[in-house]
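I have placed the structure first, in the form of structure tokens, so that the comments after it can refer back to it.
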């Protein structure tokens, strides 16, 4: 018997004098008289959810699930049993059994490991008797003492009162928050989060594997004589009391809906207007009406740079002299250094002993108010109106982060404020129409409004290209004196131009030409006909051929790589070969593709235009595949990078708009747009080895890869602090930054060290840096074992625990979607499907229980357990594995009826219904533990908004109607 199975047996079997036991078929845990505490399916779900953080005591988990049952307060129910058992403990405590030959198995919940102990009598068989026989009973004296202490604690009225009050609070929650399997697992996560009595992650994984295997715990090992029943009960009670006090309906509801315990504090640091606009654009990507507008705005952001007005130059461009330093250019060398002879001066410069003048930092430019005037005249009716609004959003999103945003709409000779930071403000602007041919009459009121701000400002007019050439507009422009006006023009053909208009005419600044095909079209989920891949097998569900996938999907696989963008959210590659894109904090991720090449992911990147690039695997002939996925246009292409090396790359990184493939002995540079190789290095400098990103380390110190668009160089990085273990780049700051084994973060440019209020007292390991380099994840090490993950916030100069989601701690401040990537509970472990006698679609789980889709009182579609009164599961058809489409790594199982109807179970947590009647649209369901979302092949979305991404999707009853029509044909 392995240690893992012994650990599972010791964890799952009841100790001596326990108040609970397993049923004979191991399908549930009951009280001593047979009343239900928890179903095995509920225990499996709770244990799986708690596995990563470590499992709490099993008895505590069973007590919590018992309180969530409907029969908790019934006569003879769980509460009455617990009160009676605690009263029995308080009244009497039988002495421990006399020692005899036995083997005792204990679990040390603090160490999270399996501890073995043999009693004194067995040990005495191999050792001579002690000089004092009374000492042989000392271990049992200690056991009796520990038992007595546990009995006294359990006998305290306050402890029993607090325990019962907490469990009653759990039972008082609405049924939707404690009635389903997923809701009970979420409750377990909330209650046991503060508990310190947990198994290690490795031991928890072994226990969960045995629990979910369906094996009878009694068959894992002979029932151990587990001493310390009262001590175990005390550990159960303490684990529960640590978290029961914080349980309330608001907190559970918030966690279930958003993954947060409390709403975010709205009184924090104000969000700059440009960031508000970028967040709005990210949320609109999933909007059925304004998704095209958001995509066009994001595409325009690269072309709307408004130059800052030049101020009067000073005599000293960089200020005066503030200090002396031992680094700098030779033109700042202290004059007295020239008194040395040539050789001495050269040595002093080489050894950094020479002194240089340090200039004062230049004065910071004041914040600039961005003022935008939108034309709403007749020339902008229709598609040009949407194009002009997209241009205004792009201008607002690229303004000064320190400045304010002011926007108005032209209406005759007046201007009306426009809110470009909210969806309601955009809708109100799009609803307002004017009949003027040009906005000339509103120019003077617009410029006067900006002048009243009393701050430096940019004045930008957004209008039609023909309005700029209108003589009436030119006369109005001359009448207002131009006054530094920028004009952004658009036309119906997709041309955008930005000009600076002065008395001498219009000076072009930038421009672009974009496609307006999808600007007024509905979102992908609203199309009347799905896009089916050519040559797709008719026997498979249509949803498998739609890319991107029509539903937002649950997260079931771990990430291997992620990339984040302030404008476009988070993209991740999962271990099962899919690229997921999170664009909003309250929505599930969209599956962009399921065809990531097999093999190791070398790197990925999400640029400012919303294009995801994934470099993974290896193709024949030394080529490395790269996927190019455009999130806005929903297109995926593949190219192969022809490398100059025969080995696998160590990493793929991006710098200065180029893709760098780092191999053990060389580096290749590629154009990320075409995949064409630009140049290659002959060999890496010896004996340098790659560490991370673009940084290398060797006997000569640290070096960094630098690419300026023409040449690739290995530049030395001056590192003065010892024990530097990693370098990384920080957005907006010069030069690389480093971190030492002691947790010091420093600049390699000037040696400045980031001051921290507290630093780790033990050795650390570098884990990762955020995409912007403003946060660093470290792992504190105790001996050779990790003792916890922490995140250093360099901007705030704070050190805090990373929590259970390291990705959210690192990348969450960059985009809200990066903090909402938690696992979503789904049910996908089914072995058969069928139709019940009552005409319901039935799925049978591996444990033998049956569920069927049904509507709740609130109108949500959920998987509910099939009641005996509904006629049983009916004839079940086994779900058999079938071949999946080429290039994907998810799994499919099929159950078919004689008429040709079939259901397909998808390992991604989906169920596809394909009817023999081709007139019925196919249906795809997300098998969530809570409300279900679905898609039909006629382009309709219905059910839970988290999975549809559409606030105007059809009600869940429409989805159930599709399921009923499928059943009517199949039966």
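Numbering (this note's numbering), first residue to last: 473 to 1443.
The C-beta atom is built at its ideal place from N, Cα and C for all residues, glycine as well.
Quick caveat: nothing in here was measured; it's all calculated off a predicted structure.
Exposure label - residue i; buried when at least 16 CB within 10 Å
| i | result |
| --- | --- |
| residue 1139 | buried |
| residue 1161 | exposed |
| residue 853 | exposed |
| residue 1227 | exposed |
| residue 743 | exposed |
| residue 524 | exposed |
| residue 580 | Below a pLDDT of 50, predicted positions are generally treated as unreliable, and residue 580, at 41, falls in that range; no measurement from the model is reported. |
| residue 1022 | buried |
| residue 847 | buried |
| residue 1309 | exposed |
| residue 907 | exposed |
| residue 971 | buried |
| residue 1434 | buried |
| residue 1146 | exposed |
| residue 1046 | buried |
| residue 995 | Here the model assigns residue 995 a pLDDT of 38, short of 50, so the residue's position is not dependable, and the following value carries that caveat. With 16 or more other Cβ atoms within 10 Å, it is buried. |
Close beta carbons around residue i, own chain, < 7 Å, minus the five adjacent residues each side
| i | result |
| --- | --- |
| residue 1423 | 1417 |
| residue 1291 | 1057, 1280 and 1284 |
| residue 1401 | 652, 653, 654, 1297, 1298 and 1299 |
| residue 1178 | 1185 and 1187 |
| residue 890 | 846, 879, 880, 881, 897 and 901 |
| residue 645 | 721 and 724 |
| residue 1452 | Outside the shown range of the chain (473 to 1443) lies residue 1452, about which nothing can therefore be said. |
| residue 795 | 830 |
Residue i CB to nearest heavy atom of the ligand MN below 8 Å
| i | result |
| --- | --- |
| residue 1113 | By its list of ligands, the structure shown contains no ligand whatsoever, and the ligand MN lies outside what it can speak to. |
Candidates the options, of which the one nearest residue i by Cα
| i | options | result |
| --- | --- | --- |
| residue 660 | 728, 1224, 1088 and 898 | 728 |
| residue 894 | 745, 1312 and 1439 | 745 |
| residue 551 | 522, 640 and 775 | 640 |
| residue 753 | 975, 862 and 1027 | 862 |
| residue 499 | 684, 1237 and 635 | 684 |
| residue 635 | 650, 647 and 532 | 532 |
| residue 1268 | 1276, 681, 949 and 1248 | 1248 |
| residue 877 | 760, 904, 749 and 986 | 749 |
| residue 880 | 897, 873 and 869 | 897 |
| residue 1212 | 975, 1050 and 1192 | 1192 |
| residue 703 | 828, 486 and 839 | 486 |
| residue 1318 | 496, 516 and 479 | 516 |
| residue 1427 | 1335, 1327 and 1337 | 1327 |
| residue 1101 | 1386, 1130, 1020 and 1156 | 1020 |
Extent of the continuous alpha helix (DSSP H) to which residue i belongs
| i | result |
| --- | --- |
| residue 1441 | 1428–1442 |
| residue 983 | Counting along the chain, residue 983 falls outside any alpha helix (DSSP H), though it belongs to the beta strand (DSSP E) covering 977–985. |
| residue 1097 | Note, residue 1097: premise wrong, no alpha helix (DSSP H); beta strand (DSSP E) at 1095–1102. |
| residue 629 | 629–643 |
| residue 916 | 915–924 |
| residue 681 | 673–684 |
| residue 520 | 512–522 |
Whole-angstrom C-beta distance between residue j and residue i, which should lie under 8 Å
| i | j | result |
| --- | --- | --- |
| residue 1113 | residue 1099 | With 8 Å as the limit, residue 1113 and residue 1099 do not qualify as a contact, their Cβ atoms being about 11 Å apart. |
| residue 1420 | residue 1408 | About 11 Å separates the two Cβ atoms, so there is no contact after all. |
| residue 1333 | residue 1415 | 5 Å |
| residue 751 | residue 1288 | 7 Å |
| residue 831 | residue 909 | That pair is no contact at about 54 Å. |
| residue 775 | residue 978 | The Cβ separation is near 17 Å, so there is no contact. |
Limits of the unbroken beta strand (DSSP E) element including residue i
| i | result |
| --- | --- |
| residue 898 | Where residue 898 is concerned, there is no enclosing beta strand (DSSP E), although the alpha helix (DSSP H) it sits in stretches over 895–903. |
| residue 1076 | 1073–1078 |
| residue 1201 | 1196–1201 |
| residue 718 | It is not in any beta strand (DSSP E) - residue 718 carries neither H nor E in the DSSP assignment. |
| residue 844 | 841–846 |
| residue 1176 | 1173–1179 |
Beta-carbon contacts of residue i that lie in its chain and below 6 Å, excluding the five residues immediately before and after
| i | result |
| --- | --- |
| residue 476 | 678 |
| residue 1126 | 1077 |
| residue 610 | Residue placement at residue 610 is poorly supported in this model, since its pLDDT is 49, which falls under 50; the coordinates are not used for a value here. |
| residue 493 | 486 |
Contacts around residue i, its chain only, beta-carbon distance under 8 Å, and the 5 residues preceding and following it disregarded
| i | result |
| --- | --- |
| residue 1091 | 1069, 1097 and 1112 |
| residue 867 | 776, 778, 842, 844, 932, 934 and 960 |
Below-9 Å beta-carbon distance, residue i vs any chain D residue
| i | result |
| --- | --- |
| residue 511 | In the displayed structure, chain D is absent; only one protein chain is listed. |
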